[in-house]
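Each residue of the sequence shown is one higher than the one before, counting from 1 in full-length UniProt numbering.
A quick write-up on the structure given underneath.
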Amino acid sequence: MKILLDTDKNISEISEEVGFSHTRYFNKHFKIRFKCTPSQYRKKFKVDEEIFKKQKNSFSGAFR
């Protein structure tokens, strides 16, 4: 879920934005689909912006 990784919106805001009337239903369906809660997913896959820039620069420098 791109919105979980690209924004700092809370889970309630995201669940409403993607069409769920209650956060608990969003959490339930998310967990079935991704085998973890939205919060766990965010914690696992979200990369700090500064770390991302450093990794991106070191990766692109490897091919110069």
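Note that beta-carbon positions come from the ideal geometry of N, C-alpha and C, so glycine has one too.
Length of the line joining the Cα atoms of residue i and residue j
{"i": "I11", "j": "I51", "result": "23 Å"}
{"i": "T37", "j": "N57", "result": "31 Å"}
{"i": "Y16", "j": "K28", "result": "Residue 16 is actually Glu in this sequence, not Tyr. Their backbone Cα atoms lie some 14 Å apart in a straight line."}
{"i": "V47", "j": "K35", "result": "20 Å"}
Extent of the continuous alpha helix (DSSP H) to which residue i belongs
{"i": "T23", "result": "23 to 34"}
{"i": "D6", "result": "2 to 6"}
Residue i burial status per 10 Å Cβ neighbour count (16 or more: buried)
{"i": "F30", "result": "buried"}
{"i": "D4", "result": "Before going on, a small fix: residue 4 reads as Leu here, not Asp. Buried, by the Cβ-count rule."}
{"i": "E14", "result": "Reading off the sequence shown, one finds Ile at residue 14, where the question assumed Glu. Classification for I14: buried."}
{"i": "F26", "result": "buried"}
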